[in-house]
Amino acid sequence: MYHKILLPVDLNEESSWGKALPTAIKLCHTFDASLHVVTVLPDFKMPMVGAYFPKDFSKKAHEAVKDAQHAFIEEHVPETINTQSVIVDGSPWEAIIKVGKQLDIDLIVMASHTKRKFVDYVLGPNAEHVVHHAKMSVMIVR
Numbered sequence: 845m846y847h848k849i850l851l852p853v854d855l856n857e858e859s860s861w862g863k864a865l866p867t868a869i870k871l872c873h874t875f876d877a878s879l880h881v882v883t884v885l886p887d888f889k890m891p892m893v894g895a896y897f898p899k900d901f902s903k904k905a906h907e908a909v910k911d912a913q914h915a916f917i918e919e920h921v922p923e924t925i926n927t928q929s930v931i932v933d934g935s936p937w938e939a940i941i942k943v944g945k946q947l948d949i950d951l952i953v954m955a956s957h958t959k960r961k962f963v964d965y966v967l968g969p970n971a972e973h974v975v976h977h978a979k980m981s982v983m984i985v986r
């Protein structure tokens with residue numbers, strides 16, 4: 845039923861993957877699907893944002909996240925699962941949907957954040973935006 849499963853991960857926030865990762869792994873084993881672990885970085889290349897950072901900051905940030913994501917995959921994802929590391933820039937929910945389309949993802953597995961922060965009240969949670977705007981199936985794990 846599923847061939848490609850996308851798992852958005854904030855490497856600094858275990859609540860973004862703690863419950864969703866075991867579900868994604870089980871689905872990958874059940875359907876012999878590949879797992880695509882995506883981490884979204886802020887878009888440091890935007891002129892308004894980039895002016896506050898050194899010129900090579902974006903490149904260094906990508907390299908650091910790439911290393912951290914590979915370590916995350918080695919530690920948490922069984923070697924039996926075909927896994928791809930994906931790092932993108934932009935708004936989390938928009939980047940998740942964009943990557944899902946580019947990789948022809950069948951299912952996005954996301955954690956639901958129960959902590960309400962001020963930004964959630966202003967912008968709405970990323971999971972909610974992904975559910976409303978994605979054209980592929982989305983599973984929210986609570």
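Position in the sequence shown (from 1) plus 844 gives the number in the numbering used here.
For glycine and all other residues, C-beta sits at the position ideal for the given N, C-alpha and C.
Going by C-alpha positions, residue 908 is about 29 angstroms away from residue 975. For residue 978, no beta strand (DSSP E) encloses it, and the DSSP letter there is neither H nor E. With 16 or more neighbouring CB atoms inside 10 Å of its own CB, residue 970 falls in the buried class.
Rounded to whole angstroms, residue 930 and residue 981 show a C-alpha spacing of 19 angstroms. Secondary structure remark: continuous beta strand (DSSP E) runs of at least 3 residues inside the region 901 to 964, in chain order: 927 to 933, 951 to 955. Per the coordinates, the alpha-carbon of residue 925 lies some 23 angstroms from the alpha-carbon of residue 986. Bounds of the beta strand (DSSP E) holding residue 880 are 878 to 885. Nearest Cα to residue 927 within the set 920, 878, 936: 878.
Note: residue 863 is not bridge-paired with any residue in the DSSP secondary-structure output. Pairing residue 933 with residue 887 gives a Cβ-Cβ distance under 7 angstroms. If the five residues before and after residue 956 are omitted, its C-beta is found closer than 6 angstroms to the C-beta atoms of 971, 984, 986, all from its own chain and listed in chain order. Three or more Cβ pairs closer than 8 angstroms define a contact, and the region 943 to 950 falls short of that threshold against the region 903 to 919. Beta-bridge analysis with DSSP links residue 849 to 879, 951.
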